[in-house]
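> Supplied in structure tokens, the structure appears directly below.
Numbering (this note's numbering), first residue to last: 48 to 779.
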């Protein structure tokens with residue numbers, strides 16, 4: 048038994064089946080899905096019949112107009128005479144020829160505009176010729192002309208659309224459609240001949256009854272006009288579909304219609320959860336795959352996915368290059384910017400040098416994937432699995448790697464600039480040569496058995512710099528010791544202008560003595576650009592907010608020595624001199640950790656700001672980011688997020704509002720990364736919900752429909768997070 052015969056033996060025939068969640072098997076490898084022969088045959092016959100009828104009517108009308116256009120040149124058996132005025136028919140033919148030229152070179156929308164212009168001009172010119180007496184026709188001829196040309200255009204356009212749709216549908220229905228499309232053209236030719244003959248016969252009969260025999264050349268003109276008109280529409284439709292790559296490009300209206308008919312009565316998993324379903328090697332043509340969830344669904348080596356009906360609710364499965372990536376584990380087009388590949392199954396894929404900037408790879412399975420030199424800038428990779436993946440020289444600047452699994456991955460020379468690596472697992476990974484400027488890790492970040500000879504601490508002019516350690520390599524295990532964050536370590540960020548060693552020392556000392564249960568320990572201070580990062584270890588994760596509040600409370604007393612003395616005397620400590628000495632020791636510790644001299648200490652400046660999430664604060668009615676590089680008026684931003692929630696169930700209406708919001712915060716330099724933009728949006732929604740009970744009630748009531756409408760987009764997490772905080776507000 049050959050390999051092909053063996054594969055067919057194990058194929059599961061699921062054609063025409065409509066699955067429910069309870070009847071859906073997880074293993075559908077090598078399955079044959081799609082339509083039954085009966086449903087595919089019925090759809091084909093129906094398409095042929097509709098095209099046959101419209102072609103017959105079009106050729107009937109075309110042959111009649113062709114005959115009328117030469118009627119005044121008809122030579123009867125005994126004399127020549129004028130049989131009616133052929134001007135109307137010639138005008139009709141002229142306008143239609145012009146439109147056909149436009150139709151073959153432009154899109155449908157442009158051809159409609161061109162026809163409207165041509166029809167208007169022809170009607171105006173025809174009316175002027177009648178008014179000036181150039182034509183002997185009566186005023187009623189103008190109405191007749193308008194009706195005739197409108198009827199001819201309408202029928203021609205309808206036939207053209209039907210043929211393009213029929214040919215696109217045949218491409219979807221059959222894997223090798225040339226024979227069946229040739230049959231369609233053949234039947235069209237028969238219909239065109241019949242329509243032309245019937246039309247010509249009726250015209251000739253009417254003329255001969257009054258004047259005698261009509262010459263053969265007149266019959267030939269009429270039949271040729273009708274036949275060429277009908278066949279021209281069919282051949283033009285075939286050629287235009289080939290030119291515009293219909294139905295293979297997306298989005299396209301003919302593709303959508305063709306896929307709808309192509310999946311009629313076929314295998315259906317509509318609205319089901321296909322998480323971890325294995326379609327490896329399956330035949331999926333003519334299947335309704337509009338699933339609710341496609342979490343790590345395997346489509347590798349599957350065929351016919353481009354001929355299945357899909358949508359983009361979970362990931363961008365309707366994009367042809369995404370389909371090719373999922374089925375072939377690679378793609379000739381490497382530009383995947385801004386695409387949603389959430390939960391995609393991409394094991395062993397070849398994605399070398401792919402551009403995945405701003406793409407969504409949340410929960411994606413990328414085990415053993417080749418991502419060498421790939422651009423993953425600002426890419427969302429939360430909880431993605433990159434076990435044993437090859438990421439050498441990849442750029443992960445500003446990437447969200449929270450919870451990402453890099454077990455055994457090759458990360459040599461990777462740019463991890465400002466990458467968020469909380470809870471990431473680097474077990475057995477090779478991190479030699481990574482650039483870690485301003486990256487962030489947490490106590491849950493795992494560095495078990497990490498291999499790393501050296502790192503770069505700075506990124507300047509597009510290149511990593513400041514190699515560390517200098518002149519040697521890390522000892523085994525040294526990297527993990529240096530960069531592993533202790534349990535319960537918190538990072539509190541302050542702007543450079545608002546940071547004061549004295550204020551930090553006072554607040555830290557008072558907190559340790561007033562709330563000993565917190566078990567506070569000052570673990571370090573880092574200076575990152577214009578920011579100061581204070582690292583505190585505590586058993587209470589809410590200490591961050593408490594410490595910030597205490598700093599705000601004591602900032603005034605830090606500015607004046609007398610007020611500072613009075614504040615210390617009023618503290619909870621019993622012994623003033625002991626407190627003062629402890630404060631001095633605490634301040635010295637702060638300065639030592641920060642690596643600064645006594646002369647660099649400065650008074651605490653005014654802190655009249657209110658925290659707004661983790662990355663922003665509000666001063667008056669202005670929202671500012673932590674770096675102070677940009678600000679925006681609260682009212683302008685709040686109105687936009689209210690509109691996003693209000694129209695949240697209409698994805699098309701929300702898209703431009705979201706785009707406008709992103710552009711606004713980017714232009715104002717308030718939130719330049721996707722993560723910051725989403726955080727700001729969520730904080731604004733929360734603030735508006737807390738201030739407006741009506742808006743709060745609407746958000747809680749319509750939250751689920753909004754998330755369903757926005758499935759597959761980051762807005763789902765924004766709405767979900769806002770609702771969760773409203774229902775379960777954090778404890779202060």
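Here a beta-carbon is modelled for each residue, glycine too, at the ideal position from N, C-alpha and C.
Just the Cα atoms here: how many angstroms apart are residue 241 and residue 89?
Indexing the chain shown from 1 puts residue 241 at position 194. Indexing the chain shown from 1 puts residue 89 at position 42. Going by the C-alpha atoms only, they are around 24 Å apart.
> In chain order, what residues of the same chain lie with their CB nearer than 8 Å to the CB of residue 145, ignoring the 5 residues before and after it?
For the purposes of this step, residue 145 is taken as residue 98 along the chain shown, with counting starting at 1. Closer than 8 Å at Cβ, skipping near neighbours: 161 and 165.
> Starting from residue 721, trace the alpha helix (DSSP H) in both directions and tell me its first and last residue.
Mapped onto the chain shown, residue 721 falls at position 674. From DSSP, the alpha helix (DSSP H) with residue 721 extends over 721-738.
> Does any C-beta atom of chain B lie closer than 8 Å to the C-beta of residue 521?
Looking at the structure shown, chain B is missing, and only one protein chain is on hand.
> Do residue 734 and residue 773 come within 8 Å of each other at the CB atom, strictly closer than that value?
Within the chain shown, numbered from 1, the residue matching residue 773 stands at position 726. Within the chain shown, numbered from 1, the residue matching residue 734 stands at position 687. No; because the gap between Cβ atoms is not below 8 Å, this pair is not in contact.
> Could you have a look at residue 323 and say whether DSSP puts it in helix, strand or coil?
Stepping through the chain shown from its first residue, residue 323 is reached at position 276. The answer is coil: DSSP assigns residue 323 none of H, G, I, E or B.
> Can we say the region 192-200 touches the region 75-88, given the rule of at least three CB pairs closer than 8 Å?
Result no; under three Cβ-Cβ pairs closer than 8 Å.
> Please give me, in chain order, every unbroken run of the alpha helix (DSSP H) with length at least 4 that falls completely inside the region 308-360.
Correct list: empty.
> Below 8 Å, can you find three or more Cβ-Cβ pairs linking the region 103-110 to the region 273-285?
They touch, by the three-pair rule.
> Can you check whether the CB of residue 423 is closer than 8 Å to the CB of residue 441?
Taking the first residue of the chain shown as 1, we reach residue 441 at position 394. Taking the first residue of the chain shown as 1, we reach residue 423 at position 376. A contact, by the Cβ cut-off of 8 Å.
> State buried or exposed for residue 294, treating a residue as buried only when at least 16 other CB atoms are found within 10 Å of its CB.
Your numbering for residue 294 matches position 247 in the chain shown. By the neighbour-count rule (16 or more Cβ atoms within 10 Å), residue 294 is buried.
> So, with DSSP's three-state summary, where would you put residue 496?
Residue mapping note: residue 496 aligns to position 449 of the chain shown, counting from 1. Reduced to three states, the DSSP call for residue 496 is coil.
> Considering Cα atoms alone, identify which of 482, 342, 288 and 73 is closest to residue 445.
By one-based count along the chain shown, residue 445 stands at place 398. When only C-alpha atoms are compared, the closest one is 482.
> How many Å lie between residue 680 and residue 61 at the Cα?
The residue you call residue 680 lines up with position 633 of the chain shown. The residue you call residue 61 lines up with position 14 of the chain shown. Computed Cα separation, rounded: 58 Å.
> Looking at the unbroken beta strand (DSSP E) that takes in residue 781, where does it start and where does it end?
There is simply no residue 781 to check, as the chain begins at 48 and stops at 779 in what is shown.
> What distance in whole Å lies between the Cβ atoms of residue 492 and residue 469, which are believed to be in contact at a cut-off of 8 Å?
Within the chain shown, numbered from 1, the residue matching residue 469 stands at position 422. Within the chain shown, numbered from 1, the residue matching residue 492 stands at position 445. 6 Å between Cβ atoms; contact.
> Are the beta-carbon atoms belonging to residue 206 and residue 280 less than 8 Å from one another?
Position 159 of the chain shown, counted from the first residue, corresponds to residue 206. Position 233 of the chain shown, counted from the first residue, corresponds to residue 280. Going by C-beta atoms, residue 206 is nearer than 8 Å to residue 280.
> For residue 283 and residue 277, I'd like the C-alpha separation in whole angstroms.
Counted from its first residue, the chain shown places residue 283 at position 236. Counted from its first residue, the chain shown places residue 277 at position 230. Going from the Cα of residue 283 to the Cα of residue 277 covers about 10 Å.
> Kindly indicate which residue of 684, 738 and 704 has the alpha-carbon position closest to the one of residue 718.
For this step, residue 718 is matched to residue 671 along the chain shown. Answer by Cα proximity: 684.
> Please list, in chain order, all residues of the same chain as residue 682 whose beta carbon is under 6 Å from its beta carbon, the five residues on each side excluded.
Your numbering for residue 682 matches position 635 in the chain shown. Same-chain partners within the cutoff: there are none.
> DSSP on residue 60, reduced to helix/strand/coil?
To locate residue 60, count along the chain shown from 1; it is residue 13. It is a strand residue.
> In whole angstroms, what separates the C-alpha of residue 459 from that of residue 498?
Within the chain shown, residue 459 is the residue found at index 412, counting from 1. Within the chain shown, residue 498 is the residue found at index 451, counting from 1. Rounded to whole angstroms, residue 459 to residue 498 spans 10 Å at the Cα level.
> Whole angstroms are fine: how far does the CA of residue 700 sit from the CA of residue 706?
Here residue 706 corresponds to residue number 659 of the chain shown, with the count starting at 1. Here residue 700 corresponds to residue number 653 of the chain shown, with the count starting at 1. Spanning the two alpha carbons is a distance of roughly 11 Å.
> Closer than 6 Å by C-beta to residue 506: which residues in its own chain qualify, once you throw out the five before and the five after it? Chain order, please.
As a position in the chain shown, residue 506 is number 459, starting the count at 1. Same-chain partners within the cutoff: 464, 482 and 484.
> Tell me which residues share the same chain as residue 148 and place their Cβ nearer than 6 Å to its Cβ, disregarding the 5 neighbours each side in the sequence.
Here the question's residue 148 lines up with position 101 in the chain shown. Answer for residue 148: no residue qualifies.
> Tell me whether residue 511 is buried or exposed, calling it buried when 16 or more other Cβ atoms sit within 10 Å of its Cβ.
The count along the chain shown starts at 1 and reaches residue 511 at position 464. So residue 511 ends up on the buried side.
> By the three-class DSSP mapping on this structure, what secondary structure does residue 741 have?
As a first step, residue 741 is located in the chain shown; it is residue number 694 there, counting from the start. Helix, per DSSP.
> Just the Cα atoms here: how many angstroms apart are residue 645 and residue 563?
Reading the chain shown from its first residue, position 598 is the one you call residue 645. Reading the chain shown from its first residue, position 516 is the one you call residue 563. Interpretation of residue 645 is limited by its pLDDT of 36, a score under 50 that renders its predicted location unreliable; no figure is taken from the coordinates.
> Measure from the alpha carbon of residue 94 to the alpha carbon of each residue in 754, 215 and 113, then state which is nearest.
On the chain shown, position 47 is the one that residue 94 refers to. Closest option to residue 94, Cα to Cα, is 215.
> List the residues that DSSP assigns as beta-bridge partners of residue 79.
Working through the chain shown from its first residue, we reach residue 79 at position 32. Answer by DSSP bridge pairing, in chain order: 60 and 330.
> Which of the three DSSP states is assigned to residue 247 in this structure?
Position 200 of the chain shown, counting from 1, holds the residue named residue 247. If DSSP states are grouped into helix, strand and coil, residue 247 belongs with the helices.
> Residues in the same chain with beta-carbon distance under 6 Å from residue 369, minus the five sequence neighbours each way, listed in chain order, please.
Within the chain shown, the letter at position 322 stands for residue 369. Excluding residues within five positions, the ones whose Cβ falls inside 6 Å are 363.
> Give me the DSSP bridge partner(s) of residue 467.
The sequence position of residue 467 within the chain shown is 420, counting from 1. Answer is 447 and 487, bridged to residue 467.
> Alpha carbon to alpha carbon, what distance is there between residue 696 and residue 753?
For the purposes of this step, residue 753 is taken as residue 706 along the chain shown, with counting starting at 1. For the purposes of this step, residue 696 is taken as residue 649 along the chain shown, with counting starting at 1. So the two alpha carbons sit approximately 5 Å from each other.
> Excluding the five sequence neighbours on either side, which residues of its own chain have a C-beta within less than 7 Å of the C-beta of residue 520, listed in chain order?
Residue numbering aside, residue 520 sits at position 473 when the chain shown is read from its first letter. Here the set comprises 500 and 501.
> From the DSSP output, in three-state form, read off residue 89 for me.
Residue 89 sits at position 42 when you count from the first residue of the chain shown. Helix, per DSSP.
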